[in-house]
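There are 2 protein chains.
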Amino acid sequence: MRLYVTPASPWVRRVRVTILELGIEDRFEFVQTKWSHKWATRAVEHRPDFLEATPVVRIPALVTAAFTLTDSHSICDYINGELGGFRLLAQEGAPRWRVLADMSVACAIIEAHISRRAELLRSEHERSNDFIGKMRDRELRCFATLEKRVPQFGATFDLAQITIAVACGYESWRYGNEWRGVAPKLAAWYDVVAQRPSMGATEPAETPQA
Amino acid sequence: MRLYVTPASPWVRRVRVTILELGIEDRFEFVQTKWSHKWATRAVEHRPDFLEATPVVRIPALVTAAFTLTDSHSICDYINGELGGFRLLAQEGAPRWRVLADMSVACAIIEAHISRRAELLRSEHERSNDFIGKMRDRELRCFATLEKRVPQFGATFDLAQITIAVACGYESWRYGNEWRGVAPKLAAWYDVVAQRPSMGATEPAETPQA
Chain A
160 MRLYVTPASP WVRRVRVTIL ELGIEDRFEF VQTKWSHKWA TRAVEHRPDF
210 LEATPVVRIP ALVTAAFTLT DSHSICDYIN GELGGFRLLA QEGAPRWRVL
260 ADMSVACAII EAHISRRAEL LRSEHERSND FIGKMRDREL RCFATLEKRV
310 PQFGATFDLA QITIAVACGY ESWRYGNEWR GVAPKLAAWY DVVAQRPSMG
360 ATEPAETPQA
Chain B
160 MRLYVTPASP WVRRVRVTIL ELGIEDRFEF VQTKWSHKWA TRAVEHRPDF
210 LEATPVVRIP ALVTAAFTLT DSHSICDYIN GELGGFRLLA QEGAPRWRVL
260 ADMSVACAII EAHISRRAEL LRSEHERSND FIGKMRDREL RCFATLEKRV
310 PQFGATFDLA QITIAVACGY ESWRYGNEWR GVAPKLAAWY DVVAQRPSMG
360 ATEPAETPQA
């Protein structure tokens, strides 16, 4: 199956780390995409196979023989369930819902990351500094919530922990380390998990320009 | 458990329809929230219990005794699995992934809906007409993709169909009926499912202003 990726996207990184943690990278063909910085407000040029694969025209997109999944939520659910024996997220019951709860906060951070990035890429006269501040504040509130959850983190680097680690990594990469002051225990946890081979192999880098 | 809602949000409607289809509305306390139109770019005033419930400060948010879920993806997954016996989305296997694939396209439409709405609520000098056009085009591409899927829709009004129906309803309500020309079979399907009590009881209305 084909997975459309970029090296900058935290949504892509979440999927790639999941694949590496499960040791199933040989099941995938990774297809790089390029993005002009105009993506924040305009449709940009893409390879025809990518446009054909997903009407959303976003990464990650996973194309199997039977269907296409066009967001990291469904892709991670599929990889964990069908290819991973539910090792990174329980199939049902309290262990699943508890992990979903932490994961939903981490996903909110990543959504804010992308929205803030898109805002920064807008032309100056269309940019809202209020919006940038709103996203920053949301990120820091979410980090503060996750800080309280650290003592309950389980032994498995599961889908929630993967998503949280990716959120921490992207925040530091694009926006600096203010979050570490808000969430010192989380930062200490992150410094350990960032050493995992799956995280090291997926460190963010700028998206190739179209 | 408490579910924070508004009458306008398609993400909330998706959760409410899911609850009504499962006939479990007596399990929830529905808490209305109010939103100044400034929400598009700024943090707005909220009740302290809502701010305490979710660091994301978005609806829907589901607060149980054990945890809080702060997006409709995790809320629907929980409701379907824990309270609905997986009746609206299979627990695993091809039936789950196929439904996730359609659902991910419908979710992309709803994301575009919210982004387009937020853009329209920005002050004129910070508004990007390019971005509005990009979201409109994405919506119509996704409707065209779903149009091809209609013959494969199953007999159950499942989580994908619920999400698709909500996407159709919101599109018509906010942005008109251009999509019907792009997806006539889907529109005919929608006109039938829109008659379901769960859809009738959740027709969108303007969000109360703070």
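Top line first, the protein sequences correspond to chains A and B. When you read off a place in the first sequence, starting at 1, and then add 159, the result is the number in the working numbering. When you read off a place in the second sequence, starting at 1, and then add 159, the result is the number in the working numbering. Ideal placement from N, C-alpha and C gives every residue a C-beta, glycine not left out.
Residues near residue i in its chain [Cβ-Cβ closer than 8 Å; skip 5 each side]
i, result
"B/GLU188", "MET160, ARG161, LEU162"
"B/THR304", "VAL264"
"B/ASP230", "TRP170, VAL215, ARG217, PRO219"
"B/PRO356", "LEU179"
Residue of the options minimising C-alpha distance to residue i
i, options, result
"A/GLU184", "A/THR192, A/VAL264, A/GLN191, A/ARG175", "A/ARG175"
"A/ILE178", "A/ALA360, A/PHE290, A/PRO367, A/TRP332", "A/ALA360"
"B/ASP236", "B/GLU337, B/VAL203, B/ARG173, B/ILE269", "B/ARG173"
"B/GLU306", "A/PRO214, A/ALA224, A/ARG333", "A/PRO214"
"B/ILE321", "B/ARG339, B/LEU248, B/ALA271", "B/LEU248"
"A/THR315", "A/HIS272, A/PHE245, A/PRO207", "A/PHE245"
"A/PHE312", "A/GLU337, A/TRP338, A/PRO254, A/SER282", "A/PRO254"
"A/ILE269", "A/TRP338, A/TYR329, A/ALA167, A/ARG201", "A/TYR329"
"A/GLU337", "A/PRO310, A/ASP317, A/ARG295", "A/ARG295"
"B/ARG297", "B/ALA267, B/LEU318, B/ASP261", "B/ALA267"
"B/MET262", "B/ARG276, B/ARG308, B/SER282", "B/ARG308"
"B/ARG257", "A/SER282, A/ALA225, A/GLU251", "A/ALA225"
"B/VAL164", "B/THR200, B/PHE209, B/ASP350, B/ARG186", "B/PHE209"
"A/THR200", "A/GLN354, A/ALA167, A/ALA260, A/SER282", "A/SER282"
Residue i - partner residues in DSSP beta bridges
i, result
"B/VAL190", "B/TYR163"
"A/ALA220", "A/TYR163"
"A/THR227", "A/VAL222"
CA-to-CA distance, residue j to residue i, given in whole angstroms
i, j, result
"B/ARG217", "B/HIS284", "26 Å"
"A/PHE302", "A/TYR334", "14 Å"
"A/HIS272", "A/TRP198", "15 Å"
"B/ASN288", "A/GLU241", "42 Å"
"B/PRO207", "A/ARG300", "15 Å"
"A/VAL190", "A/SER274", "24 Å"
"B/VAL352", "A/LYS344", "49 Å"
"B/GLY252", "B/LEU318", "15 Å"
"A/PRO310", "A/CYS327", "17 Å"
"B/MET358", "B/ASP350", "11 Å"
"B/HIS205", "B/THR192", "7 Å"
"B/ALA260", "B/LEU280", "31 Å"
"B/ILE323", "A/ARG186", "31 Å"
"B/GLN354", "A/GLN354", "54 Å"
Contacts around residue i, its chain only, beta-carbon distance under 6 Å, and the 5 residues preceding and following it disregarded
i, result
"B/LEU181", "GLY243"
"B/VAL325", "PRO169, ARG172, ARG173"
"A/ILE238", "THR177"
"A/VAL341", "LEU299, PHE302, ALA303"
"B/PHE290", "GLU278"
"B/THR223", "MET160"
"A/PRO166", "ALA364"
"A/ARG339", "ALA346"
"B/PRO367", "LYS193"
Sequence-distant residues of the same chain with beta carbon closer than 7 Å to residue i, five excluded per side
i, result
"A/VAL203", "TRP194, SER195, LYS197, ALA369"
"A/TRP332", "PRO363"
"B/HIS232", "none"
"B/ILE234", "VAL174, PRO219, LEU221, LEU228"
"A/ALA212", "TYR163, ALA220, VAL222, THR227"
"A/ARG286", "GLU278"
Residue i at chain D interface by Cβ criterion, 8 Å
i, result
"A/ASP296", "The structure shown contains no chain D; its protein chains are A and B."
Exercise for review: Please list the residues of the region 231-244 of chain A that have a C-beta atom closer than 8 Å to any C-beta atom in chain B, keeping them in chain order.
Suggested key: HIS232, SER233, ASP236, TYR237, GLY240, GLU241
Compile a chain-ordered list of the residues in the region 194-206 of chain A whose CB is closer than 8 Å to at least one CB of chain B. ALA199, THR200, ARG201, ALA202
(request) Scan the region 299-314 of chain A for residues whose Cβ lies nearer than 8 Å to a Cβ of chain B and list them as they occur along the chain. (result) ARG300, CYS301, ALA303, THR304
Q.
So if I threshold CB-CB distances at 8 Å, which residues from the region 246-273 of chain B count as touching chain A?
A. GLN250, GLU251, GLY252, ALA253, ARG255, TRP256, ARG257, LEU259, ALA260, MET262, SER263, VAL264, CYS266, ALA267
Problem set entry | Residues, ordered as in the chain, of the region 164-189 of chain A that lie near chain B by beta-carbon distance below 9 Å | none
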